[in-house]
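Data block below; observations after.
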Amino acid sequence: WGDASADSSRAERKSADRETAPPVTAAELAALQEHFGLGWRELRVLNAEFKRLDKDASGTVDRRELFEWLREPFTAFSNAIFDLVRAESQGDLRFPELVRALCTFCLLSHDEVLKFCFFVFDKNRNGFLDSLELHQLVNYLHGQTQEAPLLDVDAMLRDYDADSDGRISFAEFQVLNKRHPFILYPAFRLQAQVQRKTLGRGWWRLQRSMLARRHKAKSRKAGGNSLMSSPFQQWVDRAIETSVAARQNSRSLLRLVTHGR
24 WGDASADSSR AERKSADRET APPVTAAELA ALQEHFGLGW RELRVLNAEF KRLDKDASGT
84 VDRRELFEWL REPFTAFSNA IFDLVRAESQ GDLRFPELVR ALCTFCLLSH DEVLKFCFFV
144 FDKNRNGFLD SLELHQLVNY LHGQTQEAPL LDVDAMLRDY DADSDGRISF AEFQVLNKRH
204 PFILYPAFRL QAQVQRKTLG RGWWRLQRSM LARRHKAKSR KAGGNSLMSS PFQQWVDRAI
264 ETSVAARQNS RSLLRLVTHG R
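Residue numbers for the sequence shown follow the working numbering, beginning at 24 and rising by one.
In C-alpha cells, the structure reads:
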C-alpha cells in the first residue's frame, strides 16, 4: 500500500505540474529567469493569470482583453509596451511575449518611464516633441477624461520650450513633468496597475533592486562595460537602429534617452 500510495502521489504531483507549468520552451524559460530573475513560483502565478485570460484555450491572449482585465484603456501608448520586446504579432500574444513585455514595463524606474513616454511619442526620432507629438501624448494618456480639456498643450509648449524652438527636449520634458506630474500620471498608473495585478507592487520593487545590484556586479566584473544595458536600453538601441531619422542622430539621441543628457 505504501508504494502504491507514493506512486499515486508522484503521479498527482506530475499531473499538477503539467497543469501549472508555463507554456514555454526550455530556451524561453532560461531567458525569462536570466533577464528578469523569475522563479517557478512567479511563473506559475503569471501562467495562472494567462490561463484565466485565455478563455478559448488557444495559447494566446488578445491585447484588448488584457487591458480590459487591467481596467486600463487600450491606446497607442499602452500598446507600445509590447514594442519593448518586439512582439511577433500585432494582436494575440503568447505567454513568453506577454511575460517579457509586462516584466520589462514593470521593472522600469521612474526616470525610465519618463524616457519611455518621451520616446514613444517622438515619432520621427529626432530627440524632441513638437506640438503635434505633444498633443498626441496628452490625447492618448488622457483620452476623453474630464481632465483632458483642462490640459492646454500649446501653453505647455510655450512655457517649457526654454529655447523657443517650437519643440520640447527631454530635459524640458523632465521639468514639465516635475511641475505638472498629473500630465504623465496615467503612464505611472498603468505601471502600478500591471504590478498590482501580477506579482504585487512590493515584489516588483524588490526585484528591481535585486536586478540592479546584479547588473552592477556584472558590469564591474566586465570592467564597467557600457554595452551591458538594461532591457529598456536594449529596446531604445533597437528602435534607433531601425529608424532612418535616428540613424542620422543616433549618438546624440541615444545619449539623450538613455542617460538624460
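Don't be surprised by glycine CBs; every beta carbon is placed ideally from N, CA and C.
C-alpha gap between residue i and residue j, whole angstroms
{"i": "Lys-78", "j": "Arg-190", "result": "45 Å"}
{"i": "Thr-127", "j": "Tyr-183", "result": "30 Å"}
{"i": "Gln-159", "j": "Ala-99", "result": "10 Å"}
{"i": "Tyr-291", "j": "Asn-102", "result": "Here the chain comprises residues numbered 24 to 284, so residue 291 is not present and cannot be evaluated."}
{"i": "Ala-50", "j": "Lys-220", "result": "26 Å"}
{"i": "Leu-55", "j": "Asp-188", "result": "44 Å"}
{"i": "Gly-150", "j": "Cys-140", "result": "12 Å"}
{"i": "Ser-249", "j": "Ala-80", "result": "Residue placement at Ser-249 is poorly supported in this model, since its pLDDT is 46, which falls under 50; the coordinates still yield a value, given next. Using only the alpha carbons, I get a separation of about 43 Å."}
Close-in-space but distant-in-sequence residues of the same chain around residue i (CB under 7 Å, 5 per side omitted)
{"i": "Val-84", "result": "Phe-73, Leu-76, Asp-77, Asp-115, Leu-116 and Leu-121"}
{"i": "Val-156", "result": "According to the sequence as given, residue 156 is Glu; it is not Val. The answer, listed in chain order, is Phe-144, Asp-145 and Lys-146."}
Candidates the options: closest to residue i by CA position
{"i": "Glu-95", "options": "Gln-214, Pro-119, Tyr-183 and Leu-107", "result": "Gln-214"}
{"i": "Phe-90", "options": "Gly-223, Arg-212 and Ala-245", "result": "Arg-212"}
{"i": "Val-136", "options": "Asp-175, Leu-207, Thr-221 and Trp-227", "result": "Leu-207"}
{"i": "Asp-177", "options": "Ala-194, Gly-166, Leu-199 and Thr-98", "result": "Leu-199"}
{"i": "Arg-86", "options": "Phe-151, Cys-140, Arg-228 and Leu-125", "result": "Leu-125"}
{"i": "Phe-193", "options": "Arg-64, Leu-222 and Lys-138", "result": "Lys-138"}
{"i": "Met-21", "options": "Met-233, Ser-154 and His-165", "result": "Residue 21 falls outside the range modelled here, since the chain spans only 24 to 284, and no answer is possible."}
{"i": "Leu-234", "options": "Leu-52, Leu-55, Phe-59 and Ile-104", "result": "Phe-59"}
{"i": "Val-47", "options": "Val-217, Glu-57 and Asn-70", "result": "Asn-70"}
{"i": "Ile-104", "options": "Asp-186, Arg-202 and Ala-210", "result": "Ala-210"}
{"i": "Arg-237", "options": "Leu-52, Glu-57 and Pro-45", "result": "Glu-57"}
Proximal residues to residue i (C-beta, below 6 Å), its chain only, five neighbours per side dropped
{"i": "Leu-130", "result": "Arg-231"}
{"i": "Arg-123", "result": "Val-108"}
Neighbour-count burial assignment, residue i, 16 or more Cβ in a 10 Å radius
{"i": "Asn-147", "result": "exposed"}
{"i": "Phe-205", "result": "exposed"}
{"i": "Glu-65", "result": "buried"}
{"i": "Arg-33", "result": "Low local confidence applies: a pLDDT of 49 at Arg-33 is under 50, so the model's placement there is unreliable, and no value is given."}
{"i": "His-133", "result": "exposed"}
{"i": "Leu-229", "result": "exposed"}
8 Å CB neighbourhood of residue i in its chain, flanking five on each side removed
{"i": "Val-68", "result": "Thr-221 and Leu-222"}
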